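Going by our numbering, the first residue of the sequence shown is number 573, and it counts up by one from there.
Using N, Cα and C, we set each Cβ at its ideal position, and we do this for glycine too.
A quick note: this is a predicted structure, and the numbers were derived from the prediction, not measured.
I have placed the structure first, in the form of structure tokens, so that the comments after it can refer back to it.
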Amino acid sequence: MNNQPLVSIIIPTYNRAHLIGETLDSVLAQTYQNWECIIVDDGSTDDTDAVMQKFCDKDSRFKYYQRPEEHLPGGNGARNYGFKMSQGEYVNWFDSDDLLSPYFLSNKELELLNGNFDAIVSLSQTFNKISGDGSILWNILPDNKDQLQLNNLVNDFLKQNMLWPPIAIVWKKIFFDKKKELWNEHLKSWQDWEFHIKMLLEKPNIYFKTRDIDTFYRIDSSDKISTKKKDELFFINLKKSIDAVISLLKSQGLMGIFSSEIKNLIARILIKLPIQNGYYKFALTSALKYTFLLKSLFPIKSFILELARQYSISRKITILFYKPYKEKVKFDTTFMKLTKENLK
573 MNNQPLVSII IPTYNRAHLI GETLDSVLAQ TYQNWECIIV DDGSTDDTDA
623 VMQKFCDKDS RFKYYQRPEE HLPGGNGARN YGFKMSQGEY VNWFDSDDLL
673 SPYFLSNKEL ELLNGNFDAI VSLSQTFNKI SGDGSILWNI LPDNKDQLQL
723 NNLVNDFLKQ NMLWPPIAIV WKKIFFDKKK ELWNEHLKSW QDWEFHIKML
773 LEKPNIYFKT RDIDTFYRID SSDKISTKKK DELFFINLKK SIDAVISLLK
823 SQGLMGIFSS EIKNLIARIL IKLPIQNGYY KFALTSALKY TFLLKSLFPI
873 KSFILELARQ YSISRKITIL FYKPYKEKVK FDTTFMKLTK ENLK
């Protein structure tokens with residue numbers, strides 16, 4: 573155990589007393605022993621305190637904190653505070669309703685000991701109520717020979733082809749030294765999407781464990797904290813996350829490289845989807861804003877074509893223009909579409 577690097581597992585939680593026990597049991601079952609588990613409560617009003625007291629009494633490696641006022645309410649504030657309190661050489665963030673295989677850390681022990689990588693990623697499988705009751709992979713991982721092609725990884729995230737959830741990646745803590753910001757506490761949606769793009773732009777050396785399924789991501793809609801109704805606030809929050817990424821790309825002079833995917837993302841998420849949900853004013857405002865911001869007519873063209881699709885007469889008129897546009901912005905991804913059978 574003394575030769576094993578300490579791994580800090582950081583879990584934000586809010587009113588998950590009915591689920592967090594199962595999550596912490598999966599941490600306790602790790603065959604790799606040198607870990608600490610930092611749980612940061614974001615202001616729970618249920619019995620989370622009582623559940624946590626039992627785990628802290630059972631094993632001193634569990635450490636329970638309340639999010640302080642210096643960090644904004646929400647999961648990202650709790651994640652950042654958990655990082656501050658961590659003592660490990662490596663860190664892993666995940667949610668209070670997800671599960672680890674007993675071999676999650678031991679599967680990575682060789683890489684942890686060698687210390688040659690900034691991050692180690694393994695496969696994640698979805699489940700609903702009980703680990704193993706689902707068969708869908710979060711996604712498949714690229715071969716390690718492609719790991720230096722970080723632009724491809726950023727493109728995947730911009731295409732909504734998210735390659736891993738936070739639970740599936742273990743980071744070397746020193747990689748975050750001198751980073752101005754880790755988790756953006758002003759964001760309420762797509763926080764992990766923005767975080768991973770931001771970290772990928774720092775060019776980490778990533779190792780992919782392409783055959784190890786050792787994390788389990790809960791997708792049951794009744795229990796996921798991230799479940800949100802598609803109201804206007806939903807789109808406003810998505811817009812904030814997309815704007816954060818655009819600002820990041822602009823600050824690094826990278827908009828030219830990723831401009832096509834950014835335009836397509838805006839068309840899909842901030843124009844097409846709001847129109848489908850009846851938020852025409854929001855879609856129009858977005859189209860006008862990004863037409864000027866990106867110095868491109870594509871957003872306003874997207875608005876016109878998507879609006880025309882809502883009426884039978886104009887749909888017939890614009891059908892020839894809509895087909896190539898649809899192919900351009902298509903949500904083409906393997907995200908949550910494959911099973912472990914696709915790994916063979």
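Cut-off 7 Å between Cβ atoms - residues of its own chain near residue i, not counting five sequence neighbours on either side
| i | result |
| --- | --- |
| residue 766 | 756, 759, 813, 816, 817 |
| residue 851 | 804, 807 |
| residue 762 | 810, 813 |
Three-way DSSP call (helix, strand, coil) for residue i in this model
| i | result |
| --- | --- |
| residue 601 | coil |
| residue 879 | helix |
| residue 907 | coil |
| residue 919 | Outside the shown range of the chain, which is 573 to 916, sits residue 919, and nothing can be said about it. |
| residue 847 | helix |
| residue 790 | strand |
| residue 975 | The displayed coordinates of the chain run from 573 to 916. Any statement about residue 975 would go beyond what the structure contains. |
| residue 917 | The first residue shown for the chain is 573 and the last is 916, placing residue 917 beyond what the model contains. |
| residue 633 | coil |
| residue 608 | strand |
| residue 638 | strand |
| residue 664 | strand |
| residue 764 | helix |
| residue 802 | coil |
| residue 867 | coil |
| residue 618 | coil |
| residue 775 | coil |
| residue 985 | There is no way to answer for residue 985, as the model of the chain reaches only from 573 to 916. |
Status (buried if at least 16 other CB within 10 Å, exposed otherwise) for residue i
| i | result |
| --- | --- |
| residue 774 | exposed |
| residue 811 | buried |
| residue 859 | buried |
| residue 905 | exposed |
| residue 883 | exposed |
| residue 823 | exposed |
| residue 622 | exposed |
| residue 848 | exposed |
| residue 689 | buried |
| residue 896 | exposed |
| residue 590 | exposed |
| residue 842 | buried |
Residues of its chain near residue i, where Cβ-Cβ distance is below 6 Å and the 5 sequence neighbours each way are ignored
| i | result |
| --- | --- |
| residue 786 | 673, 675, 676, 679, 694 |
| residue 668 | 583, 585, 588, 592, 595 |
| residue 900 | none |
| residue 649 | 639, 643, 757 |
Cβ-based neighbour list, residue i, same chain, cut-off 8 Å, excluding 5 preceding and 5 following
| i | result |
| --- | --- |
| residue 577 | 606, 660, 661, 662, 684, 685, 687 |
| residue 869 | 863 |
| residue 751 | 774 |
Indicate whether the contact test is met: 3 or more Cβ pairs, each with one atom in the stretch 580 to 595 and one in the stretch 611 to 627, closer than 8 Å.
yes
Pairing CB atoms from the stretch 736 to 744 with CB atoms from the stretch 691 to 699, are three or more of them under 8 Å?
yes
Quick check: the stretch 705 to 714 against the stretch 906 to 913, are there 3 or more CB pairs under 8 Å?
yes
Contiguous alpha helix (DSSP H) assignments of at least 4 residues, all confined to the stretch 669 to 737:
681 to 686, 722 to 730
The stretch 835 to 849 in contact with the stretch 869 to 876 per 3-pair CB rule at 8 Å:
yes
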